[in-house]
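**Student:**
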Amino acid sequence: MVSIIVSGHGQFSLGLLDAFEIIFGKDADVRAIPFFKGEGLPQM
Numbered sequence: 193m194v195s196i197i198v199s200g201h202g203q204f205s206l207g208l209l210d211a212f213e214i215i216f217g218k219d220a221d222v223r224a225i226p227f228f229k230g231e232g233l234p235q236m
């Protein structure tokens with residue numbers, strides 16, 4: 193079993209997942225995790 197996590201800034205990962213699903217169909221082992229401005233580790 194192979195799992196794939198797609199991540200990126202803003203809507204990039206969600207768009208990439210949409211394209212993947214259009215080409216290959218839905219796959220429960222593929223997830224998109226978007227990161228939006230202000231999320232992440234605090235700046236020091």
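Numbering-wise, the sequence shown is residues 193 to 236 according to this note's numbering.
Glycine included, each C-beta is placed from N, C-alpha and C at the ideal position.
(1) Provide the residue(s) that pair with P226 in DSSP beta bridges, ordered along the chain.
(2) Between the alpha carbons of E231 and A224, how many angstroms are there, rounded?
(3) Could you give the distance in angstroms between the alpha-carbon of D219 and the alpha-carbon of K229?
(4) Which term fits L209, buried or exposed, when burial requires 16 or more other beta carbons within 10 angstroms of its beta carbon?
(5) Can you give me the C-alpha to C-alpha distance between P234 and G200, rounded to a whole angstrom?
**Tutor:** For this structure:
(1) G200
(2) 16 Å
(3) 28 Å
(4) buried
(5) 18 Å
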